[in-house]
Each structure stands twice: as structure tokens, then as C-alpha cells.
Amino acid sequence: MEEQPKKWRWGKFRWILLAVIIIQIFVSRWVPPMMPNIQVAPEVVTTWNGFGITNTLIATLIADVVVLLIAFAVYRKARSGDLVPRGITGVVEGIIEMIYNQTEQTAGKWAKLIFPWFATITLLVLVANWMELLPGVDSFGVFNKEHLVHSLEVKGIHNPEEEIAQKCQLNEIYHGVISVTGAKECAKTIVPFVRVASTDLNFTAALALISVFMTQVIGVKAQGIKYFTKYFNTSTLWTKPAFGTIDFLVGILEIISEFSKILSFSFRLFGNIFAGSVLLFVIGALVPVFVQSGMLVFEFAIGMIQAIVFGMLTMVFMTMATQGHGSEEHHS
Amino acid sequence: MNVDAAKLIGAGLSMIGTIGAGVGIGLVVSGAVQGMARNPGYSGNLLTNMILGIAFCEAMAIYCLVIAFLILFVF
Numbered sequence: 017m018e019e020q021p022k023k024w025r026w027g028k029f030r031w032i033l034l035a036v037i038i039i040q041i042f043v044s045r046w047v048p049p050m051m052p053n054i055q056v057a058p059e060v061v062t063t064w065n066g067f068g069i070t071n072t073l074i075a076t077l078i079a080d081v082v083v084l085l086i087a088f089a090v091y092r093k094a095r096s097g098d099l100v101p102r103g104i105t106g107v108v109e110g111i112i113e114m115i116y117n118q119t120e121q122t123a124g125k126w127a128k129l130i131f132p133w134f135a136t137i138t139l140l141v142l143v144a145n146w147m148e149l150l151p152g153v154d155s156f157g158v159f160n161k162e163h164l165v166h167s168l169e170v171k172g173i174h175n176p177e178e179e180i181a182q183k184c185q186l187n188e189i190y191h192g193v194i195s196v197t198g199a200k201e202c203a204k205t206i207v208p209f210v211r212v213a214s215t216d217l218n219f220t221a222a223l224a225l226i227s228v229f230m231t232q233v234i235g236v237k238a239q240g241i242k243y244f245t246k247y248f249n250t251s252t253l254w255t256k257p258a259f260g261t262i263d264f265l266v267g268i269l270e271i272i273s274e275f276s277k278i279l280s281f282s283f284r285l286f287g288n289i290f291a292g293s294v295l296l297f298v299i300g301a302l303v304p305v306f307v308q309s310g311m312l313v314f315e316f317a318i319g320m321i322q323a324i325v326f327g328m329l330t331m332v333f334m335t336m337a338t339q340g341h342g343s344e345e346h347h348s
Numbered sequence: 021m022n023v024d025a026a027k028l029i030g031a032g033l034s035m036i037g038t039i040g041a042g043v044g045i046g047l048v049v050s051g052a053v054q055g056m057a058r059n060p061g062y063s064g065n066l067l068t069n070m071i072l073g074i075a076f077c078e079a080m081a082i083y084c085l086v087i088a089f090l091i092l093f094v095f
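As you go down the protein sequences, you meet chains A and B in turn.
Going by our numbering, the first residue of the first sequence is number 17, and it counts up by one from there.
Going by our numbering, the first residue of the second sequence is number 21, and it counts up by one from there.
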């Protein structure tokens, strides 16, 4: 019996897909999707010893745990002596090898020092960004009375408390998870349990601060105290006053550029991912069927690219810090 | 003119900056595609650099978007 090349056949999954699409159409007719309540600041979900735990903090912790679990799984597999990486070990090995090769190409002998920062930032941001693709993130939460009161007050309603009591059956849903079929006004203003970590400016600014600060540390490690002549360049100030002054001013500009690095790092990641998650919900509200799937693929790519860009820029800046002021050696 | 109208107009105006990002992405991709056409063997490396360059250009547009969001939803 000759072996036939296996033909591609549509299995039973097409019927499941079709059913899901049809159900989606009917559900979106029955419960029309609504425009999301867009808010830049993260919401406080619970307080713990007077310390407000925001929903983005929860997402950050989840991302940390996921990265740690992957690390432990790969560690155990690697210790077991199996030389051929399979499954998740193979994927992680591929990613790590790619990152290491990139670092070695750029940084040369300092690769071992710079690689952990590149890899850590990339993996953490990657996991944090891809969380926005999961259903339930950003959309599953508790009803927030304060938001609703505030939004009704803005609209000019005099006694919002009564209005809420009438519209939302407050007693039933105030502490519970809100049902999808709740009144429109109530469903709009939920506080999600988990919101994507990168949509919080605190997360991205913290990463940017770590990245820029460690750049200075690696610069000092590589060049010693000479590293700071990049900022206070007095080497030619006395011998050649005209050019020396310009060099000194360039050093001041370097200081400013370090601070602008923090800003651009944090706003790049924040803006991309925040815009992405808003886009997902707005598109979902406008066209509930099909189109959001395309947007999910788009956001998948954006999340990956932004994670790689964040890590790679950190790596490039660190590499630049390890190399001395190139023109200085020609001068002297 | 009330504040809401001013907010909407301001958010719209702040998105003008995306013109620059569009031009920048166009330039980056045109350069990269020319390079790939002349030297197809190098295209993998060029693609990575192109995506990096696009990300930088896009960041400018995203700053505008952040400002627009801030105007609309924070102030």
C-alpha cells in the first residue's frame, strides 16, 4: 500500500468555529457591547495594611510568578541530563540563545555582564504585555460605586445615590462580581481585578529607572571613575579653552539625555500597550464579531516588538557605557 | 465654548504630530526595502533593524497618543 501524502482536511473544528461565530453574533445582538470606561490611572482593588494594592500590581505579580515558574521548569529539565531540549525548554533555549547572540555581537567581552539585564527585562515585559491578550484581563472585576457616583455627578444628576439604587440593584451586586447583563451604567464602571501591568506608568517608569541606573553602574564597572568624564568633561578645558568649553557643554547635554532616556523608555512602553488595550476594547465595542481577532494578532506582534525594543535599547545603552569616549584617545 | 469641546479639539490637534511618524516609518521602510532588494542575503538582519527603526518612529506617534489620552481622560 503506497503512502499517500496526507491531505489537509477540515476536521470537526470548523463546525465548532462556525457555532462560536454564530453564537457571537447572537450574543452581541442580545447584549450589545458598550464603549469602555477609559482611565489612565490604575485602580486600587484592595488595601493591605494601608497599602493600596492596584490591579496593575496584581498583574505584575502574576507576570513575575509566570516567569519564575518557567525558569524553574526549565532548570529542572536542564538538570535532568536530557541533552535534547523539548517543549518549553526548547522554546526558552531558543529565546535565550537569540538574546545572548545579539548581546555578544554588540557588546563583545562585556556580554556576560549585560546579558542578564537584557534577558530579564525582555522576558518580564513580554509576559506582562501578552497578558492583555487573555480574556478576562481588563474586563472582569467588581462594581465600583465611587466611579459611578462621580460619573453621574459630572452628568448633572443631583442625587446619584438614589439613581444608582434604582438602576443597578445595588444590594445584589455591590460586593459581588458584576453580571454582564447589569444595567449599562453599572457595567461600564467596574474595577478590573487584573489590568495589564504595562498600562501603569509606575511599572514602565520603574523599569526605565532600573535600566538607566544600571547603565551608569556598568559604565563605572567597565571604565572606573573615568566614566564620569562623559558628563563633566574637563580634560581639554584648560589646554584648549575654545574646544574645551564645547566639550564641557556636550557633557552637560549628556546628563540631560540620560533623563530624557528615562522619559522615552517609560512613555514608549506605556503608550504602546495602553493604546493597544484601549484599541482592543473600542474595536470590540464597534464591531463585536471577527475584527477583534485581527487586532489580537496585531497586539501580539506589538507586545513582542515593544518587549524586544525595551531590552535591546537597554543593551545598546549599556554597551555604549562600557566603551569609552572614542575621540578622547585620539586627542591625547 | 465649553471645556469638553476644547478637550476634543485639543486631543485632535495633538495627533497632528503623527504626520512626522508616518513620514519617518515610510523613510525607514523604503530604505530597508531598497537594501533588501540589492542584497537579499542580508535581509534577515535588515528586517530586525527595520522593525527597531519603525518602533522608534512609532514611539513619536505614541507620545502624541499619550498626550491625547491625557487631555481626554485625565484633565
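For each residue, glycine too, the CB sits at the ideal point set by N, CA and C.
Run through the DSSP bridge pairs and tell me what B:Val94 is partnered with. DSSP lists no partner for B:Val94.
Around the Cβ of A:Met230, are there at least 16 other Cβ atoms within 10 angstroms (buried) or fewer (exposed)? buried
Restricting to Cα atoms, I'd like to know which of B:Gly37, B:Leu92, B:Ile29 and B:Leu47 is closest to B:Gly73. B:Leu47
Counting beta carbon pairs with one atom in the region 117-127 of chain A and one in the region 327-334 of chain A, are three or more of them shorter than 8 Å? yes
is_contact[A:Asn288, chain B] using C-beta, thresh 7 Å: yes
Using a Cβ-Cβ distance cut-off of 7 Å, determine whether B:Leu85 contacts chain A. yes
Counting only Cβ pairs nearer than 7 Å, list the residues of chain B close to A:Ala291. Ile82 and Leu85
A:Val228: which of A:Thr105, A:Thr76 and A:Thr335 sits nearest, CA to CA? A:Thr335
Chain B contact residues for A:Phe283, given Cβ-Cβ distances below 8 Å: Ala79, Ile82, Tyr83 and Val86
Am I right that A:Phe156 and A:Pro101 are in contact with their C-beta atoms under 8 Å? What's the rounded C-beta distance? Not really, about 36 Å apart at Cβ, beyond 8 Å.
Positions along the region 56-74 of chain B whose CB lies within less than 9 Å of some CB in chain A: Thr68, Ile71, Leu72 and Ile74
Do A:Val141 and A:Val83 have their beta-carbon atoms positioned less than 7 Å apart in this structure? no
In angstroms with no decimal places, state the Cα-to-Cα distance between A:Val294 and A:Phe306. 17 Å
Using the three-state DSSP reduction, which class does A:Thr252 fall into: helix, strand or coil? coil
Cα-Cα separation between A:Pro49 and A:Leu296, rounded to whole angstroms: 13 Å
Helix, strand or coil for A:Ile104? Go by DSSP, reduced to three states. helix
What does the Cβ neighbour count give for A:Phe29, buried or exposed, with the cut at 16 atoms within 10 Å? exposed
Length-filtered (3 minimum) beta strand (DSSP E) runs lying within the region 115-159 of chain A: 157-159
Which value, in whole angstroms, describes the spacing of the CA atoms of A:Ile37 and A:Ser44? 10 Å
Is it right to say A:Ser276 is buried, meaning 16 or more other beta carbons lie within 10 angstroms of its own, or is it exposed? exposed
Would you mind reading off the limits of the alpha helix (DSSP H) that contains A:Phe297? Pro257 to Leu302
Report buried or exposed for A:Gln322, applying the criterion of at least 16 other Cβ atoms within 10 angstroms of its Cβ. buried
Quick check: what's the CA-CA separation for B:Leu33 versus A:Phe286? 21 Å
For my contact list, A:Ser214 and A:Asn145 are in at a C-beta cut-off of 8 Å; report their separation, rounded to the angstrom. 6 Å
So, with DSSP's three-state summary, where would you put A:Ile78? helix
Quick check on the burial criterion: 16 or more other C-beta atoms within 10 angstroms. Buried or exposed for A:Ile289? buried
is_contact[B:Val53, chain A] using C-beta, thresh 7 Å: no
Just the C-alpha distance for A:Leu77 and B:Asn69, rounded to the nearest angstrom, thanks. 32 Å
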